[in-house]
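The structure appears below as structure tokens.
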């Protein structure tokens, strides 16, 4: 018996190691069916691109921005990464600062938005999951009365809803409520609040991952690659959307799909008072997997702030979305919805694309994560490094973390008080990076996702958004690195990075009836927090 145990102690680790080795080869192989879609990036390619961009006129998306509308704008999630860029593009095209309002749970960290607050942009702290808090933010008075001519009616309102709770690491239905609270119930609250103030356009930031199907990455010996290893995601094919909860890669994607249906279903609903006869036009943008860019994203910005990360997916090809391209797509969709409500010939010529969803990705070749890593490490002179690790070994570890996460949750929510007490005392919560290190992360980053955004690129006359995008993914990475280097010590990145700049002193006023004083004007509003800048 002792001899059997000895052989088992030798063979089992060897078999496990051999399985990990074989499974790694299959997961790390770029399928031949997509290998020819783009050439692999080399350090020399990156240096040539860097030299070209450093000497040429800077890439700009300004000529692709729709014209100024003079409308009022409410950006839910405006303090966040994408929301801040939408605000910047609105101001860049000439919208008045006093007609732009940011609603968010946290104040903006982007230095450009902090500067905009001093010029009239308003930030109101709200909880999107609380309809009273959100409604107060929507109904707060505007400080743009001086912009109205005698007898002129108040401008119409556009709402951009970018707020989300991105719990991509949870996939079991027992945790679904955690995503639904903000992503679904919060979205319904936004729709209701938008209609209450008479908004006529609502653009919702969905996710390209709603079309991502879950898959099994731990293969049987006779399998050559996972099912759905390559996933071309086509806009006009709703069959790409999973039908069962367990087929979504995570609760995040499932909740974003439910929110999408709410937004799309709200198209053409009456808005404001019955007398005005207006309707709400809606639409959804599905960005490519991983919105990145200057300002603190959770992909390239995260890599730069950490000096690189261990990686298991350099050969995975995915469509990315540079943040300025993505923000512009939102403005393009808004313009199309406005045209549909205009009395002119544009309304008659363009198909009605209200209540639809459009995938968005960067122009140019689709890169692999390895291309992204090569660009980042080259542009940062080797300061951003990526260490290759075993995807199979890490996935096995991720399953252990998920198992513990589920067991602990089951015990601390038990109907037996003694079980709850013991579990809370003996089982520490999963926190930090370990919390996100669960199997859903591997599905999101190990499957080849290729987004077809050709419909968004069609002209408005053909039912498209007229979206183009100005930066390829690698050009967007170049600008992200340049901004990262220039912002060291006055970081405009998100809270997980270091080195915030101490800009102008911000004042947060709390109270059940608070007064915001601007010059000689005193405005009373309801229970919320309003951020202004001390002059």
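Residue numbers (our numbering): 1 to 535.
Glycine included, every Cβ here is placed at the ideal spot set by N, Cα and C.
Please read these numbers as outputs of a predicted model, since none were measured by experiment.
Option in the options with minimal Cα separation from residue i
i: residue 363; options: 320, 70, 32; result: 320
i: residue 95; options: 77, 82, 120, 108; result: 120
i: residue 102; options: 117, 282, 93; result: 117
i: residue 430; options: 456, 59, 403; result: 403
i: residue 25; options: 399, 416, 480, 388; result: 388
i: residue 166; options: 470, 174, 180, 271; result: 180
i: residue 287; options: 357, 271, 275; result: 357
i: residue 456; options: 278, 482, 333, 82; result: 333
i: residue 285; options: 298, 418, 205; result: 205
i: residue 292; options: 53, 481, 28; result: 481
i: residue 168; options: 436, 432, 81, 30; result: 436
i: residue 305; options: 487, 49, 73, 84; result: 487
i: residue 463; options: 447, 452, 349; result: 349
i: residue 99; options: 143, 56, 105; result: 143
i: residue 466; options: 353, 196, 451, 278; result: 353
i: residue 360; options: 255, 394, 234; result: 234
i: residue 188; options: 251, 134, 176; result: 134
i: residue 309; options: 170, 283, 370, 460; result: 370
Beta-bridge pairing of residue i - partner residues as DSSP gives them
i: residue 202; result: 159, 282
i: residue 321; result: 291
i: residue 210; result: According to DSSP, which records beta bridges pairwise, residue 210 is partnered with nothing at all.
i: residue 449; result: 231, 318
i: residue 270; result: 279
i: residue 311; result: 388
Backbone secondary structure at residue i - three-state DSSP
i: residue 250; result: coil
i: residue 537; result: Summary: the structure shown does not reach residue 537, with the chain confined to residues 1 through 535, and so no result is reported for it.
i: residue 480; result: helix
i: residue 38; result: coil
i: residue 388; result: strand
i: residue 29; result: coil
i: residue 107; result: coil
i: residue 439; result: helix
i: residue 10; result: helix
i: residue 472; result: coil
i: residue 513; result: Low local confidence applies: a pLDDT of 35 at residue 513 is under 50, so the model's placement there is unreliable, with the coordinate-based value given in what follows. Correct three-state label for residue 513: coil.
i: residue 299; result: coil
i: residue 418; result: helix
i: residue 178; result: helix
i: residue 412; result: helix
i: residue 563; result: Only positions 1 to 535 of the chain appear in the structure, and residue 563 is not among them; the question remains open.
i: residue 58; result: coil
i: residue 63; result: helix
i: residue 444; result: helix
i: residue 165; result: coil
Run of the beta strand (DSSP E) containing residue i, from where it starts to where it stops
i: residue 371; result: It is not in any beta strand (DSSP E) - residue 371 instead sits in the alpha helix (DSSP H) that spans 369 to 379.
i: residue 359; result: 356 to 360
i: residue 73; result: 72 to 76
i: residue 457; result: Here residue 457 belongs to no beta strand (DSSP E), and DSSP marks it neither H nor E.
i: residue 100; result: 100 to 104
i: residue 125; result: 122 to 125
Alpha carbon of residue i to alpha carbon of residue j, nearest angstrom
i: residue 438; j: residue 191; result: 33 angstroms
i: residue 9; j: residue 131; result: 60 angstroms
i: residue 4; j: residue 11; result: 10 angstroms
i: residue 383; j: residue 110; result: 24 angstroms
i: residue 225; j: residue 219; result: 7 angstroms
i: residue 342; j: residue 76; result: 25 angstroms
i: residue 79; j: residue 22; result: 45 angstroms
i: residue 415; j: residue 428; result: 19 angstroms
i: residue 172; j: residue 242; result: 15 angstroms
i: residue 484; j: residue 296; result: 9 angstroms
i: residue 49; j: residue 88; result: 26 angstroms
i: residue 81; j: residue 123; result: 15 angstroms
i: residue 275; j: residue 198; result: 11 angstroms
i: residue 327; j: residue 163; result: 14 angstroms
i: residue 195; j: residue 227; result: 43 angstroms
i: residue 422; j: residue 299; result: 38 angstroms
i: residue 263; j: residue 183; result: 11 angstroms
i: residue 7; j: residue 17; result: 15 angstroms
i: residue 247; j: residue 445; result: 16 angstroms
i: residue 317; j: residue 273; result: 49 angstroms
i: residue 303; j: residue 367; result: 17 angstroms
i: residue 340; j: residue 280; result: 11 angstroms
i: residue 548; j: residue 137; result: The structure shown does not extend to residue 548, since the chain is modelled only from 1 through 535, so no value can be given for it.
Residue i beta carbon near the ligand GTP (any heavy atom closer than 7 angstroms)
i: residue 186; result: Absence of the ligand GTP from the depicted structure is noted, as is the absence of any ligand whatsoever, leaving it without description.
Residue i, enclosing alpha helix (DSSP H) - first and last residue
i: residue 238; result: Run containing residue 238: none; DSSP gives neither H nor E here.
i: residue 86; result: 81 to 92
i: residue 48; result: 43 to 55
i: residue 187; result: 186 to 196
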